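Participant: Here's a structure for you.
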Amino acid sequence: MPAGAMLAILMSRSPNVASHYAREGAPSGRILSALTAAGKDLSRLSPADLIPYDQFHLRGHEATEELAQLLSPQADAVVLDLGCGIGGPARWLADQRGCRVIGIDLTPDYCLAAQELSAQVGLAERAGFVCGDGLALPFADASFDQIWTQHAAMNIADKARLYREVARVLKPGGRFGLYDIMAGAAGDPHFPAPWSNTPEWSHLTAPAAVREALLAAGLKERHWRDLTAEARAWSEKVIAAQQAAKGTNPQNPVGPAIILGPAFAEMFANLSRSLAENRVTVVQGVFDKPG
Ligand SMILES: C[S@@+](CC[C@H](N)C(=O)[O-])C[C@H]1O[C@@H](n2cnc3c(N)ncnc32)[C@H](O)[C@@H]1O
């Protein structure tokens, strides 16, 4: 089956997480309208044109590129993006590395947007999307050469089960990359946060416990890097740029603001404060499944 035909709407196991992310239909329509308004010819759109809108994590595209370099999949690899959002990182990997990427996400509108945007940039065959839960991956054992996840685990309480699922669907000798927000030492994050309006659907875990869960799933650590300072500096720069641009083009929001709407500004400011106050930690990691 072509990857682009893999959209399967499964029963959501965490409906309130998905409803936090959902806003007035699939965000692809809003993104394509913004690109048209910015003068782009939609018939000649490239994955790079989507980058201002489709990287839903701290440090944006730079973080995706770093993880892509750490994993460096070959062109014949099949990669899973767990919690893929609207598919930006998956598209970038498929486009730059020539590999096939399957994204899975809990939010049906994001899966639709991911599929529509991939078709729009001619990547429907190599970047396919499935709507489902990372805690019950609808794939056979040893399906993927590599798996990555960025900024999805903060909605998932059962990290032990999440990483067991990762280890199960990874091929022996395969590699797993993560770029996640974890618990900081100074208490709970400020809410609303980009991943949850309230503490109820926020499940930040301390880095040491995340590491322990990964090792308990049978994965071996290759790389672990704390990027909290870099994420903090980036968030402060974004807020300063937004304040400088205030009122210049309110019809054309970029970044996750186009996905989550006007509420995103407060969420992002809270995340920036949480970074500054050591309430959250940002970590990049790479783990191998022994062959
Ligand atoms: C902040 S977005 C990050 C999206 C994407 N990884 C990126 O960096 O652009 C978090 C995503 O995780 C998804 N998510 C949360 N819990 C999930 C779960 N249990 N299984 C699959 N996806 C999940 C949400 O639907 C949302 O799209």
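Heads up, the sequence shown stops at 412 in this note's numbering, and the numbers go up one at a time, no gaps.
Ideal placement from N, C-alpha and C gives every residue a C-beta, glycine not left out.
Quantities reported herein were computed from a predicted structural model and do not represent experimental measurements.
Between E342 and the rest of its own chain, which residues show a CB-CB distance below 6 Å, the 5 nearest in sequence each way excluded?
Facilitator: The residues are F408.
Participant: Threshold first: 3 residues or longer. Then list the beta strand (DSSP E) segments lying entirely within the region 220-255, N to C.
Facilitator: Taking only runs of at least 3 residues, the beta strand (DSSP E) segments lying wholly in the region 220-255 are 221-226 and 248-252.
Participant: Would you kindly report the start and end of the unbroken beta strand (DSSP E) that includes R346?
Facilitator: Start and end: K341 to D347.
Participant: Could you tell me which whole alpha helix (DSSP H) segments of length 4 or greater appear in the region 135-182?
Facilitator: Taking only runs of at least 4 residues, the alpha helix (DSSP H) segments lying wholly in the region 135-182 are 136-142, 149-158 and 168-175.
Participant: CA-CA distance, D170 and T319?
Facilitator: Those two C-alpha atoms are separated by around 33 Å.
Participant: Kindly indicate the opening and closing residues of the alpha helix (DSSP H) around I277.
Facilitator: Segment: none, I277 is in no alpha helix (DSSP H) and carries neither H nor E.
Participant: For the alpha helix (DSSP H) containing F385, name the first residue and the last one.
Facilitator: Here the alpha helix (DSSP H) through F385 covers F385 to A397.
Participant: Around the C-beta of L153, are 16 or more other C-beta atoms found within 10 angstroms, so that it is buried, or is it exposed?
Facilitator: Buried.
Participant: Compare the Cα-Cα distances from E387 to each of L325, S317 and D254 and report the closest residue.
Facilitator: Selected option, being the one with the closest Cα: S317.
Participant: Please confirm whether I225 and G253 have their CB atoms less than 9 Å apart.
Facilitator: Contact flag set, yes.
Participant: Where does the unbroken beta strand (DSSP E) through I207 begin, and where does it stop?
Facilitator: Per DSSP, I207 belongs to no beta strand (DSSP E) and is neither H nor E.
Participant: If you run the structure through DSSP and keep just helix, strand and coil, what is L192?
Facilitator: In this structure, L192 counts as helix in the three-state DSSP scheme.
Participant: Write down the C-beta distance between A362 and R285 rounded to the nearest angstrom, noting that I regard them as a contact closer than 8 Å.
Facilitator: So it is not a contact: roughly 41 Å between Cβ atoms.
Participant: Cβ of H272 versus every heavy atom of ligand 1: is any distance shorter than 8 Å?
Facilitator: Yes.
Participant: Any heavy atom of ligand 1 inside 8 Å of the beta-carbon of G294?
Facilitator: No, since every heavy atom of ligand 1 falls outside the 8 Å radius drawn around the Cβ of G294.
Participant: Any idea if G294 is buried or exposed, counting beta-carbon neighbours within 10 angstroms, 16 or more meaning buried?
Facilitator: Looking at its Cβ environment, which holds fewer than 16 other Cβ atoms inside 10 Å, G294 is exposed.
Participant: Of the choices Q195, P383 and A257, whose alpha-carbon is the least far from that of Y142?
Facilitator: Nearest option by C-alpha distance: P383.
Participant: Evaluate the contact criterion for the region 303-313 versus the region 254-273: three or more CB pairs, one atom per stretch, below 8 Å.
Facilitator: Contact between the region 303-313 and the region 254-273 is absent, because fewer than three Cβ pairs lie under 8 Å.
Participant: Take the Cβ of S193 as the centre, count every other Cβ of all protein chains shown within 10 Å, and call the residue buried at 16 or more, exposed below.
Facilitator: S193 is exposed by the Cβ-count criterion.
Participant: Can the beta-carbon of T326 be found less than 9 Å from the beta-carbon of A334?
Facilitator: Their beta carbons are under 9 Å apart, which means T326 touches A334 by this criterion.
Participant: So, helix, strand or coil for R400, using DSSP?
Facilitator: Note: R400 maps to coil in three-state DSSP.
Participant: Give me the Cβ distance between Q176 and P210, rounded to the nearest whole Å; I'm assuming they're in contact under 8 Å.
Facilitator: Confirmed, about 7 Å.
Participant: In chain order, what residues of the same chain lie with their CB nearer than 8 Å to the CB of K415, ignoring the 5 residues before and after it?
Facilitator: Given that the chain is displayed from residue 122 to residue 412, the structure contains no residue 415 and the question cannot be resolved.
Participant: Output needed for S395: all residues of its chain with C-beta closer than 8 Å, excluding positions within five of it in sequence on either side, in chain order.
Facilitator: Correct list, in chain order: G305, P310, H311, A314 and V401.
Participant: Looking at the unbroken beta strand (DSSP E) that takes in A330, where does it start and where does it end?
Facilitator: Careful: A330 lies outside any beta strand (DSSP E), inside the alpha helix (DSSP H) at P328 to A337.
Participant: In three-state DSSP terms, what is L283?
Facilitator: Helix, per DSSP.
Participant: Looking at V200 and I277, is the spacing between their C-beta atoms short of 9 Å?
Facilitator: Their beta carbons are not under 9 Å apart, which means I277 does not touch V200 by this criterion.
Participant: Mapping the DSSP letters down to three states, classify D309 as helix, strand or coil.
Facilitator: Here D309 sits in coil by DSSP.
Participant: Kindly identify the DSSP beta-bridge partner or partners of L299.
Facilitator: The partner list for L299 (beta bridge, DSSP) reads T270 and G406.
Participant: Tell me whether F177, by its Cβ, gets closer than 8 Å to a heavy atom of ligand 1.
Facilitator: Result yes, Cβ under 8 Å from ligand 1.
Participant: Is T185 near ligand 1 - that is, is its Cβ less than 8 Å away from at least one heavy atom of it?
Facilitator: It does: the Cβ of T185 is within 8 Å (strictly closer) of some heavy atom of ligand 1.
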